[in-house]
Amino acid sequence: MQIHDLIKGALARVYDDIDQLYQDLHRHPELPFEEVETSRKLAARLDAIGYRVTTGLGKTGVVGLLQNGEGPCVMLRGDMDALPIRERTGLDYASCRHGGEGPAVMHACGHDLHASCLTGAAAVLYALREHWRGTLMIVHQPAEEVFGGARAMLNDGLYESIARPDVILGQHNMPALAGMVGHIAGRAMAAATTLGVIIHGNGGHGSMPAQAVDPVVIAAHAVVRLQTIVSREVEPSEQVVVTVGKLQAGTQGNIIPHSAELEINVRCFSDALLQQVLDAIRRIIDAECLAGCSPKPAEYRVLSETITLDNDAATVERLRRAHGDYFSEPQLFEMGRLGGSEDFPYFGNAAAGGFEGGDIPYAYWFIGAATEESWAGTRGERTYDRMRQLPMPHSPYYAPDRKPSLETGIAAMVTGALAFLE
């Protein structure tokens with residue numbers, strides 16, 4: 000019997016259990032670094048399958064290790080945190096955290112799907128362990144949404160205390176047709192930094208602005224001037240976004256406040272260019288504070304950050320061949336660059352991840368999650384263009400087509416791992 004038939008048989012045997020896990024995780028979402036019950040459930044599944052399980056890495060991270068003879072160490076990673084969004088999908092297994100005591104929480108990015116597919120892949124690969132050699136490392140990562148979980152697990156000694164992988168593989172669901180698998184080599188997802196800024200003034204009465212320093216005016220000038228960074232300081236061939244997503248000051252119209260707060264999000268596909276843009280932001284805000292007679296320098300705080308996701312081309316090509324052998328050719332598509340960001344690349348980037356021994360090759364691919372009905376309503380020659388017409392992750396209406404998404408995600412991880420295991 001060929002290995003593909005064995006994969007399909009093993010997947011069919013574990014599917015009902017993984018489907019129940021998925022619905023349970025979707026009903027009970029947990030926010031970043033609060034995935035206590037989620038990690039407990041995932042650890043119990045890995046332990047029951049037969050993996051050596053470690054918990055508490057990066058606070059709530061879970062690792063399962065299966066040593067199966069001499070051979071390479073392959074790491075499969077999935078995330079598991081949810082978002083502070085009120086679900087509006089109408090699913091019969093919708094989130095039970097809809098506000099009241101505490102915030103509304105929803106798996107609006109499909110991390111419950113990722114965790115379930117990863118658990119399913121762990122079960123299938125365990126069942127097929129007579130057909131491969133090496134070490135399999137299953138990593139359930141917390142807090143991807145705040146770009147904190149990957150580095151937290153690395154800082155807790157993931158590679159030192161568990162194993163150092165030879166290759167790292169991961170995937171994410173997107174609103175392509177469920178059953179499809181997309182690949183992209185090179186720079187696939189953006190580096191991102193969210194910067195918090197406080198601009199100081201001297202508050203006073205709205206009728207006497209000459210006796211005050213108005214931080215709102217300084218902030219307003221800064222916001223307008225920041226828009227010139229992309230248009231006047233960045234090469235037109237580069238993709239850069241500078242967004243002031245928060246501007247907050249004051250309490251009422253006749254009071255000049257003491258300070259104004261901004262949150263600025265920057266995204267691009269080069270770590271060096273990201274730093275150039277951040278330097279420009281500081282230069283412009285500092286200059287506006289000087290021009291507006293601010294009584295003290297602006298304060299800056301990095302709220303979140305991550306590096307460019309730069310897929311190793313050779314690893315992607317090997318994956319594409321493995322996925323092409325298992326899935327039909329029409330199920331594969333070329334993914335375009337995403338302006339969204341991930342902390343997945345920290346696992347492979349030695350300098351940014353803070354581990355020794357050099358970089359580790361990694362690849363990150365995409366699985367479709369849209370229903371046939373919703374997909375039929377889209378138009379376009381490229382899959383990437385069509386999926387932009389559907390609700391994207393982080394929408395309160397985002398709901399993967401459960402069965403084909405689970406089956407595809409499990410099979411993609413299994414065949415991807417087997418492409419590197421001996």
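Numbering-wise (numbering that gives the first Met the number 0), the sequence shown opens with residue 0 and increments by one. All C-beta atoms in this analysis are idealised placements derived from N, C-alpha and C, irrespective of residue type, glycine included.
May I ask you to list the residues that DSSP assigns as paired with residue i?
i           : result
residue 299 : 196
residue 73  : 135 and 166
residue 186 : 309
residue 374 : Residue 374 pairs with nothing; no bridge assigned.
residue 232 : The partner list for residue 232 (beta bridge, DSSP) is empty, contrary to what the question assumes.
residue 365 : 171 and 181
residue 176 : 369
Going by the beta-carbon positions, is the gap between residue i and residue j smaller than 7 Å?
i           : j           : result
residue 195 : residue 300 : yes
residue 136 : residue 64  : yes
residue 418 : residue 317 : yes
residue 291 : residue 256 : no
residue 126 : residue 9   : yes
residue 87  : residue 395 : yes
residue 81  : residue 143 : no
residue 220 : residue 304 : no
residue 332 : residue 179 : yes
residue 188 : residue 139 : no
residue 261 : residue 193 : no
Kindly indicate the opening and closing residues of the alpha helix (DSSP H) around residue i.
i           : result
residue 124 : 110 to 126
residue 27  : Segment: none, residue 27 is in no alpha helix (DSSP H) and carries neither H nor E.
residue 67  : Taken as a continuous stretch (DSSP letters only), residue 67 belongs to no alpha helix (DSSP H), being part of the beta strand (DSSP E) at 60 to 67.
residue 51  : Counting along the chain, residue 51 falls outside any alpha helix (DSSP H), though it belongs to the beta strand (DSSP E) covering 51 to 56.
residue 148 : 148 to 154
Could you please give the first and the last residue of the uninterrupted beta strand (DSSP E) stretch that includes residue i?
i           : result
residue 386 : Not the beta strand (DSSP E): residue 386 falls in the alpha helix (DSSP H), residues 382 to 386.
residue 406 : Residue 406 -> not in any beta strand (DSSP E); alpha helix (DSSP H) instead, spanning 401 to 417.
residue 35  : Segment 35 to 48 is the alpha helix (DSSP H) holding residue 35; no beta strand (DSSP E) there.
residue 161 : No beta strand (DSSP E) contains residue 161, which DSSP labels as neither H nor E.
Going by other Cβ atoms of all chains shown within 10 Å of its Cβ, with 16 needed for buried, is residue i buried or exposed?
i           : result
residue 35  : exposed
residue 175 : buried
residue 204 : exposed
residue 111 : buried
residue 242 : exposed
residue 69  : exposed
residue 95  : exposed
residue 348 : buried
residue 129 : exposed
residue 400 : buried
residue 223 : exposed
Does the beta-carbon of residue i, which I'm using as the reference point, lie nearer than 6 Å to any heavy atom of the ligand GDP?
i          : result
residue 46 : Among the components modelled here there is no ligand, and therefore nothing to report on the ligand GDP.
Under 7 Å between C-beta atoms, does residue i make it to chain B?
i          : result
residue 65 : Annotation note: the requested chain B is absent from the structure, which comprises a single protein chain.
Checklist entry - Taking the runs of the beta strand (DSSP E) that are 3 residues or longer, which of them lie wholly in the segment 258 to 293? => result 258 to 267
Next on the checklist: Which complete beta strand (DSSP E) runs does the segment 205 to 252 hold, if anything under 3 residues is left out?
Outcome noted: 239 to 248
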